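Before any comments, here is the structure.
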Amino acid sequence: MIEILNSTELARARETGALVADILQTLKRRSTVGTNLLDIDRWTEAMIAEAGAVSCYVDYAPSFGRGPFGHYICTGVNDAVLHGRPYDYTLADGDLLTLDLAVSRDGVAADAAISFVVGDARPRGSIALIKATERALAAGIAAARPGARTGDISHAIGAVLHEAGYPVNTQFGGHGIGSTMHQEPHVPNSGRPGRGHKLRPGLLLALEPWVMADTAELVTDADGWTLRSATGCRTAHTEHTIAITDDGAEILTLPRQA
Numbered sequence: 001m002i003e004i005l006n007s008t009e010l011a012r013a014r015e016t017g018a019l020v021a022d023i024l025q026t027l028k029r030r031s032t033v034g035t036n037l038l039d040i041d042r043w044t045e046a047m048i049a050e051a052g053a054v055s056c057y058v059d060y061a062p063s064f065g066r067g068p069f070g071h072y073i074c075t076g077v078n079d080a081v082l083h084g085r086p087y088d089y090t091l092a093d094g095d096l097l098t099l100d101l102a103v104s105r106d107g108v109a110a111d112a113a114i115s116f117v118v119g120d121a122r123p124r125g126s127i128a129l130i131k132a133t134e135r136a137l138a139a140g141i142a143a144a145r146p147g148a149r150t151g152d153i154s155h156a157i158g159a160v161l162h163e164a165g166y167p168v169n170t171q172f173g174g175h176g177i178g179s180t181m182h183q184e185p186h187v188p189n190s191g192r193p194g195r196g197h198k199l200r201p202g203l204l205l206a207l208e209p210w211v212m213a214d215t216a217e218l219v220t221d222a223d224g225w226t227l228r229s230a231t232g233c234r235t236a237h238t239e240h241t242i243a244i245t246d247d248g249a250e251i252l253t254l255p256r257q258a
């Protein structure tokens with residue numbers, strides 16, 4: 001399913017997007033050395049409820065997972081890059097933490113992710129990984145405009161990641177979003193320009209460059225959800241929900257608070 005939102009729905013999407021971004025920034029400030037991943041999940045649950053929103057994750061049960069996800073946010077530490085299921089783990093100085101959040105409010109969903117290093121330590125390569133995904137996301141957004149195709153976005157993202165020297169996995173990537181969290185079209189993190197779905201105003205896309213330092217191969221945890229690098233290397237993931245407009249793309253998941 002591919003949805004095109006009208007102006008009223010887009011206004012609601014902006015509110016949902018800002019909520020997602022604000023929650024992520026609050027969680028980033030709270031996620032310090034000694035924080036437990038289960039506390040992050042509980043904080044997320046409380047903030048979603050306070051905002052009158054609904055989690056897109058807690059009851060999420062796609063074919064690639066094992067039953068309902070059962071948590072309110074994805075928490076990936078170090079080698080865990082996607083679908084990180086919160087568990088009883090206390091953050092240590094230098095951990096690379098990824099927070100991925102999707103919520104729905106007033107019938108419209110938004111999805112975003114941030115990666116950052118916890119504490120004062122700066123393990124080698126971690127910041128470079130994060131910055132590469134941020135640059136790739138910016139390039140993908142710049143390529144998103146009416147008349148362009150999803151392949152143009154994929155090519156822009158992949159060019160940055162490849163230039164930075166990282167292998168690129170195309171199994172999981174960006175996606176359409178609207179009344180539900182995951183919709184068509186799929187937007188892989190590498191591709192050929194001029195191919196794929198043609199973009200038009202009102203289309204919402206969640207673009208999410210993610211990389212692993214030295215491999216493109218994923219392995220799945222025993223929890224049936226958490227995807228990790230096959231080599232145990234560090235990973236990073238950055239995501240925004242954008243709306244295609246008449247003259248480009250609008251980022252919907254920017255925080256309202258400093």
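Position 237, counted from 1, in the sequence shown is what full-length UniProt numbering calls 237; the numbers after and before it change by one each time, with no gaps. All residues carry an ideal CB built from backbone N, CA and C; glycine is no exception. Model, not experiment: these values are computed from the prediction.
Distance between Leu-97 and Gly-224 (C-alpha atoms, nearest Å): Straight-line Cα distance between these residues: approximately 20 Å.
What runs of the beta strand (DSSP E), each 3 residues or longer, lie entirely inside the segment 106-138? 108-117
Buried or exposed by the 16-neighbour rule on C-beta atoms within 10 Å, applied to Thr-6: The sequence given here places Asn at residue 6; Thr does not occur at that position. Its Cβ having fewer than 16 others within 10 Å, Asn-6 is exposed.
Would you mind working out which of Ile-127, Val-168, Glu-239 and Phe-69 sits nearest Thr-253, comparing C-alpha positions? Nearest in C-alpha terms to Thr-253, of all of Ile-127, Val-168, Glu-239 and Phe-69, is Glu-239.
Three-state secondary structure assigned by DSSP to Arg-85: Coil at Arg-85, not helix or strand.
Straight-line gap, Ile-48 to Ile-242 (C-alpha atoms, nearest Å): 21 Å
Neighbour-count burial assignment, Thr-75, 16 or more Cβ in a 10 Å radius: buried
Please return the same chain residues whose Cβ sits closer than 7 Å to the Cβ of Pro-188, not counting the five positions on each side in sequence. Ser-154, Thr-170 and Gly-173
Between which two residues does the alpha helix (DSSP H) containing Gly-174 stretch? Not the alpha helix (DSSP H): Gly-174 falls in the beta strand (DSSP E), residues 174-176.
Does Val-58 come out as helix, strand or coil in the three-state DSSP assignment? coil
Which of the three DSSP states is assigned to Ser-104 in this structure? Looking at Ser-104 - three-state DSSP - the assignment turns out to be strand.
If you count every other CB in all the chains shown that lies within 10 Å of the CB of Ser-55, and 16 or more means buried, which is it? buried
Quick check on the DSSP output: what are the complete alpha helix (DSSP H) runs of length 4 or more inside the segment 139-208, in order along the chain? 150-163
Taking the C-alpha atoms as reference points, what is the distance between Ile-23 and Pro-146? 30 Å
Using 8 Å for Cβ pairs, my map puts Val-108 next to Arg-12. What's the rounded Cβ distance? 5 Å
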